[in-house]
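Take a look at the structure below.
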Amino acid sequence: MTQSEIGLIGLGTMGAMLALNIAEKGFRVAVWNRTTETTHHFAKNAGDLADRITATETLKALVAAIKPPRAIILLVPAGDPVDQMIAALTPLMDADDLIIDAGNANFHDTNRRAADAAKSGPHFLGIGVSGGEEGARHGPSIMGGGERSDWDRVAPILEAIAAKFDDTACATYMGTGGAGHFVKSVHNGLEYADMQMIAEVYGVMRDGMGLAAAKISDVFDRWNNGPLQSYLIEISSAVTAVIDEATKHPIIDVILDRAGQKGTGRWTVIEAQHLAAPIPVIEAAVMARNTSARLEERKEGEKRFGAAPQAFADGVLTLGDLESAMIAGKILCYAQGFALLSAAGDEFDWALPLPDVAKVWRAGCIIRSSMLDDMATALEENPERNLMLAPFFAKHLEKSHGALRKVVAQSALHGLPVPALANGLAWFDMMRTGRSTANMIQAQRDFFGAHGFDRMDGGDGHHGPWALQG
Ligand code: 6PG
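Counted the way this note's numbering counts, the sequence shown spans residues 6 to 475.
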């Protein structure tokens, strides 16, 4: 039997699609799933790709079916299942074999696993894979972390299966240990933020402007042909156009307003706090999902305080204002995300290639958008600058921040929550204020705790004359 170039464990939706993608690109792949029935069912239904797929019933058989030095991709639920699988594979594999975790791992776990692997046992790579089912099948975006030599070993396969942007594969090595999974985590934070900002403008159109779903779908469709072109805007247009079979109403009006989450957005926020790298738009997006889950409390709040959203009078806001506000919100949100990546790169010694991060997100992943191409250029041209100060985006912000202010202000006046857009605006205003109000914080800290302060006219470690006058 011809041995396979690679193995894959976990034939859930993502694993199955990735295995088919690998086979389609001409590689032989050996597969194993906890339930043997699933493995055989998968192989039997692989159509004309079946002859490149080897179904195995035991881990030992899987390992034997792969050409050494072996590489095995894990697509099992993040957390304990990954550790269990590594523990089960380790005695069966050689020291120079390679285990690749392609799940949505917490990058701290990936760091730990990579450090363990460096001590003994098979090598370890943690790769962030984005693009959902469709991406896994036809071209995901792949963010790699681990030893460069291990990445190089499997790069031909990963690049072959990845999405392409102008013929460039969206599969990039990000750095050692958990770097790839960290970048995926920030991707997911931005995914939450993009989705939340879209939900907010959807709310303004629905509740403030009284637009029906079909009309909102048209608006998103129009925006998708302008600066906001992105996969998430495109699918927002698609979902608002669909009619529910049972009720004959737009399905969007039937879906319960309680958002789920698996937690990657939360990890991004936690890490940003550790790194003191503000990502308020993503924070608002995570907060909004958590608040949406408190359905009963929200209903009680509505009873007590009255339904919040009030419709706008004609002309208070235009659709053009909304589009511009989204453009500003998106620039600010990504400026925060890239600043977080830069802080993490310094802290963890990853030298994260920021323009390459923008490039790897241009196709295949959930946050793919035309703006990411401009961001890659801006990050290349302004390596040391916050993205909001890069000339191209500063110009865009100059034109659009007025609309963001108008949308946030009018929404607040009409009781429409737009927390992500509002946080973006507040951060923008802070970032363009040379003289902030943190002098008050410093005075308070020194008053109650003698923490000291710097003076504007020079010197640090001063104390106020509080005892004399307090
Ligand atoms: C991707 C997505 C994906 C994620 C889902 C669900 O890049 O393909 O980020 O990895 O698991 O979007 O995430 P939540 O359940 O946290 O919304």
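C-beta atoms are modelled at their ideal positions from N, C-alpha and C, and glycine is treated no differently.
For the ligand 6PG, I want to know if residue i counts as a neighbour, meaning its beta carbon is within less than 6 angstroms of at least one of the ligand's heavy atoms.
{"i": "residue 150", "result": "no"}
{"i": "residue 269", "result": "yes"}
{"i": "residue 136", "result": "yes"}
{"i": "residue 78", "result": "no"}
{"i": "residue 266", "result": "yes"}
{"i": "residue 139", "result": "no"}
{"i": "residue 147", "result": "no"}
{"i": "residue 109", "result": "yes"}
{"i": "residue 205", "result": "no"}
{"i": "residue 196", "result": "yes"}
{"i": "residue 371", "result": "yes"}
{"i": "residue 193", "result": "yes"}
Whose C-beta lies closer than 8 angstroms to the C-beta of residue i among residues of the same chain, with five residues either side of it excluded?
{"i": "residue 138", "result": "18, 19, 22"}
{"i": "residue 217", "result": "255"}
{"i": "residue 475", "result": "Summary for residue 475: the model assigns pLDDT 48, below 50, so the residue's position carries little reliability, and this model does not support an answer."}
{"i": "residue 7", "result": "33"}
{"i": "residue 280", "result": "345, 348, 349, 352"}
{"i": "residue 235", "result": "199, 229, 372, 373, 374, 375, 376"}
{"i": "residue 252", "result": "259"}
{"i": "residue 87", "result": "79, 81, 106, 108, 110, 114, 118"}
Starting from the C-beta of residue i, find all residues in its chain whose C-beta is less than 6 angstroms away, skip the five residues before and the five after it, and write them out in chain order.
{"i": "residue 130", "result": "105, 151, 155"}
{"i": "residue 185", "result": "131, 132, 133, 148, 149, 150, 179"}
{"i": "residue 109", "result": "83, 269"}
{"i": "residue 38", "result": "16, 44"}
{"i": "residue 343", "result": "359, 392"}
{"i": "residue 41", "result": "62"}
{"i": "residue 285", "result": "428, 432"}
{"i": "residue 240", "result": "none"}
{"i": "residue 364", "result": "381"}
{"i": "residue 465", "result": "459"}
{"i": "residue 222", "result": "242, 245, 246"}
{"i": "residue 272", "result": "111, 190"}
{"i": "residue 27", "result": "34, 166"}
{"i": "residue 24", "result": "13, 34, 36"}
Tell me which residues share the same chain as residue i and place their Cβ nearer than 7 angstroms to its Cβ, disregarding the 5 neighbours each side in the sequence.
{"i": "residue 113", "result": "183"}
{"i": "residue 178", "result": "149, 153, 156"}
{"i": "residue 30", "result": "165, 166"}
{"i": "residue 455", "result": "468"}
{"i": "residue 90", "result": "14, 79, 81"}
{"i": "residue 292", "result": "424"}
When DSSP builds the beta bridges, which residues end up paired with residue i?
{"i": "residue 170", "result": "173"}
{"i": "residue 128", "result": "103"}
{"i": "residue 13", "result": "36, 78"}
{"i": "residue 148", "result": "133, 177"}
{"i": "residue 61", "result": "For residue 61, which the question treats as bridged, DSSP gives no partner whatsoever."}
{"i": "residue 458", "result": "467"}
{"i": "residue 71", "result": "9"}
Within the 7 angstroms Cβ cut-off, does residue i reach chain C?
{"i": "residue 351", "result": "The structure shown contains no chain C; it holds only a single protein chain."}
Cβ pair count under 8 angstroms reaching 3, the region 186-203 against the region 169-176
no
Report yes or no: do the region 414-422 and the region 306-317 share at least 3 C-beta pairs separated by less than 8 angstroms?
yes
Would the region 354-367 and the region 442-459 be scored as touching if the rule is three or more Cβ pairs under 8 angstroms?
no
Is it the case that the region 101-108 contacts the region 76-87, given that we only count it when at least three CB pairs across the two stretches are under 8 angstroms?
yes
Does the region 139-148 come into contact with the region 206-215, if we say contact requires no fewer than three beta-carbon pairs (one atom in each stretch) closer than 8 angstroms?
no
Ignoring anything shorter than 4 residues or poking outside the region 374-430, list the alpha helix (DSSP H) runs there in chain order.
375-386, 396-418
Does the region 303-312 come within contact of the region 380-389, defined as at least 3 CB pairs closer than 8 angstroms?
no
Three-pair Cβ contact test at 8 angstroms for the region 120-128 versus the region 341-350:
no
Tell me the start and end of each unbroken alpha helix (DSSP H) in the region 288-351 that is at least 4 residues and wholly inside, in chain order.
300-310
Contact between the region 224-231 and the region 323-335 is defined here as three or more beta-carbon pairs at a separation below 8 angstroms; is this criterion met?
yes
So does the region 200-210 actually touch the region 230-246, counting three or more Cβ pairs closer than 8 angstroms?
yes
Segments assigned beta strand (DSSP E), at least 3 residues, entirely inside the region 205-268
none
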